[in-house]
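Residue numbers (my numbering), protein chains in the order written: chain A, 276 to 653; chain B, 276 to 653. All residues carry an ideal CB built from backbone N, CA and C; glycine is no exception. In this text, all values refer to a predicted model and were calculated from it rather than measured experimentally. Just below is one structure, and these are the notes that go with it.
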DNA sequence: AACTCTAGTCAGGAGTGTTGCCCAAACTGC
DNA sequence: GCAGTTTGGGCAACACTCCTGACTAGAGTT
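Take a look at the structure:
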């Protein structure tokens, strides 16, 4: 992209952006503080604050400085800048939250759905919670959706893959939510959101290339390369059910088929029976050891493929049975023998990892939407 | 990254950038033409041209417009803006080229190296060709290196992986070339460069997510996600020798071991014996069919892993035996039966694909280095 | 010879950011 | 209680960039 054409207007909007950015970071500031933070001169900041206040983006909070010196006025972002909608869709139910530009939740609703979930049911629940959450605030400026199924990148629809369990079902969050929104909808897989949350939680240390392996009722994985989740052309990157691995007898079988062989699937479904798996592993005896060894072998086959293709600095393991201590230990031990070994660790974020990643994205997008709005409409 | 601090100087440098950019695209332009192209007003362009000419970045070519109207002066980039060094390192030998900001080769040298290549030999040859190429131009402003071995991302060193053939050997192009350069060195694997060239050749149609599978003496692959080659944390993404696939008897074996089983490796090496492979495939008879089927099965196991992990829109196949018609056909046929099938096609660029990708990068970097140089030193 | 066309320049003006100075108001110390 | 200090804010002057519109120069065209 060529840099923007130089013009005075560009300069001015850049100044406004800096001022808004400062107030996004700091909540409330006087004009002098903004000037000190941004390095922009006081008169310029004063002018920018005047413009932004007139435009309704900033507000004099009424608070005044105390202490030495002349009293100053604190300015802050206007409280009515709109909210972002954060949505989590899982087979158990639907959650919706409204978040303001400060990152504070202004509303939260959830609704459970009986299993197996029918798509119309989920859609209806989704619509309902979103409406309730936005009842007080009006249309949301954007929405970020986490869904427990593969998501088509272009359309945002939940899609079904062969031999993968369809947990939620055919559903288009974009269409369901369209009328409640005044902006874009971002839909992605829950594992991808969890990976983003994990990256954010890793702090300033750069966790730019890693893999988040999700081992639960479904089998999934998120690939983070150069600091971003990579979704592939259709959004289906990381759908590892069909990766060949080493199954019973040393045969090459698809990852998902290992669980059929081990009789760890739910009836009439390709979804894993997690309870059965965990109890099989927890029972003492040779049988449990065999199962553990088979699982570790299969998982490590997948890990070796992930390592070969993406060269991660770390493999994060999440999901109900992947983080089970015995499983994790068995997998780690086996992984250490791989030709290219990679550190393994359980996910750090365990409570609502996907939703927390989606929240962070929603906040970033909402702030960007506010601070980069060039061209104020008269 | 927060946007640059607004200032008058920023505006001016933006104008200069636009002017330089226009002359990078168009070779020679009059001030009026620059104004028309960039949308900047004539007086401003005139001022910018004056500045840049004084700084030595632009030059009045002496050419004048003909036709109706007042004669105008053509300006062009100064001819002494420096060159980029493009280097290709392969087991057969070393190539070096010097390229100017117009993308024209001003010098080219190559030197063959006997096989097996010893690292010191290669380093010496590299140094020699680079010196010869830069003899007339002085230090290069940057270098782009393509190497036929895995490259460590942080250091740019060629590295050895277990069970992968070390074609060139322990070598640090950065150190070898350091004294000939006045800028950064970019080192990457030849397959990655070939993939970039392939992407560039695909034209305006967006080929943003694909996989370049290289099947030659070595086995490699490049992963392009969201328009960029993804190298992984250490630069070893795509080193697929150890991906599990289906070998003889349906057993799960590492990709590279399939060739040991098929006796298609060179003696005392993990490198493939390409000649033997091709003749085995070309001989008519059941034996050839068996070999073909085994190869197709093994390759498709790897492809299914690549597809699962990266979800490419396309798999490009390159390399000496991968593009052999019989092999390609067998692989395509087998790949169509995969649970998630993906189009396959041979590489479009067949002559020096890696070098051509490296050239494009060198040109882009060189132009960026010139056009974004803020702050002209007095 | 007059007209047309075009590259380049000049003059004036609008808009932006900066420096430096001053003022107002609150606290601090005597 | 009073002077000194400290701090946010405002004002004026200046420097700089870009733009518009008019103008000039010089060659081809009629």
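- Within the same chain, Cβ atoms closer than 6 angstroms to the Cβ of residue 571 of chain B are found at 605, 606 and 609, the five residues on either side in sequence being excluded.
- The C-alpha of residue 597 of chain B lies about 20 angstroms from the C-alpha of residue 484 of chain B.
- In the three-state reduction of the DSSP assignment, residue 441 of chain A falls in the coil class.
- Comparing alpha carbon positions, the residue from A:638, A:365, A:354 and A:345 closest to residue 336 of chain A is A:354.
- At least one CB of chain A lies nearer than 9 angstroms to the CB of residue 588 of chain B.
- When secondary structure is reduced to three states using DSSP, residue 386 of chain A falls in the strand class.
- Excluding five sequence positions before and after residue 617 of chain B, the CB atoms of its chain that fall closer than 8 angstroms to its own CB belong to 578, 582, 587, 588, 589, 590 and 610, given in chain order.
- Contact check for residue 615 of chain B against residue 511 of chain A passes: the beta carbons are separated by less than 9 angstroms.
- The three-state reading of DSSP puts residue 494 of chain B in strand, counting E and B together.
- By alpha-carbon distance to residue 518 of chain B, the top candidate from B:495, B:524 and B:503 is B:495.
- Residue 593 of chain A and residue 556 of chain A have their C-alpha atoms some 17 angstroms from each other.
- In the three-state reduction of the DSSP assignment, residue 376 of chain B falls in the coil class.
- Looking at the DSSP output, residue 621 of chain B sits in a beta bridge with B:592.
- When the five nearest sequence neighbours on each side are left out, the beta carbons in the same chain lying within less than 6 angstroms of the beta carbon of residue 528 of chain A are those of 522, in order along the chain.
- With a threshold of 9 angstroms between beta carbons, residue 579 of chain B makes contact with chain A.
- When 7 angstroms is used as the limit between beta carbons, residue 527 of chain A is near these residues of chain B: 519, 520, 521, 525, 526, 527 and 576, in chain order.
- Using a Cβ-Cβ cut-off of 7 angstroms, residue 512 of chain B is close to 584, 585 and 586 of chain A, given in chain order.
- Under the three-state reduction of DSSP output, residue 434 of chain A falls in the coil class, being neither helix nor strand.
- In this structure residue 552 of chain B is not in contact with residue 374 of chain B, their Cβ atoms being roughly 36 angstroms apart against a cut-off of 8 angstroms.
- If you compare the alpha carbons of B:466, B:536, B:567 and B:297 with that of residue 311 of chain B, the shortest gap goes to B:297.
- At a C-beta separation below 7 angstroms, residue 332 of chain B has no neighbours in chain A, since its nearest C-beta there lies roughly 17 angstroms away.
- If you draw a straight line from the Cα of residue 450 of chain B to the Cα of residue 459 of chain B, it comes to about 11 angstroms.
- Within the model, the alpha-carbon separation for residue 580 of chain B versus residue 580 of chain A is close to 7 angstroms.
- Pairing residue 549 of chain B with residue 491 of chain B gives a Cβ-Cβ distance under 9 angstroms.
- Nearest C-alpha to residue 443 of chain A among A:304, A:295 and A:368: A:368.
- Distance between residue 455 of chain A and residue 463 of chain A, taken at the CA atoms: about 19 angstroms.
- Within chain B, no residue has its beta carbon less than 7 angstroms from that of residue 606 of chain A; the closest one is some 15 angstroms off.
- In this structure, residue 341 of chain A sits away from residue 382 of chain A, with a CB-CB distance that is not shorter than 9 angstroms.
- The count of Cβ pairs closer than 8 angstroms, one atom from the stretch 620-632 of chain A and one from the stretch 529-539 of chain A, stays below three, leaving the stretches out of contact.
- Here residue 414 of chain A has 455, 456 and 457 as same chain residues with Cβ atoms under 7 angstroms from its own Cβ, once five neighbours each way along the sequence are excluded.
- In this structure, the beta-carbon distance from residue 370 of chain A to residue 418 of chain A does not fall below 9 angstroms.
- Taking 9 angstroms as the threshold, the shortest C-beta distance from residue 507 of chain B to chain A falls below it.
- Distance check between residue 641 of chain B and each of B:546, B:291 and B:360 places B:360 closest, using alpha-carbon atoms only.
- DSSP links residue 489 of chain B through a beta bridge to B:495 and B:593.
- Linking residue 619 of chain B to residue 488 of chain B through their CA atoms gives a straight-line distance of about 10 angstroms.
- Residue 426 of chain A and residue 440 of chain A have their C-alpha atoms some 13 angstroms from each other.
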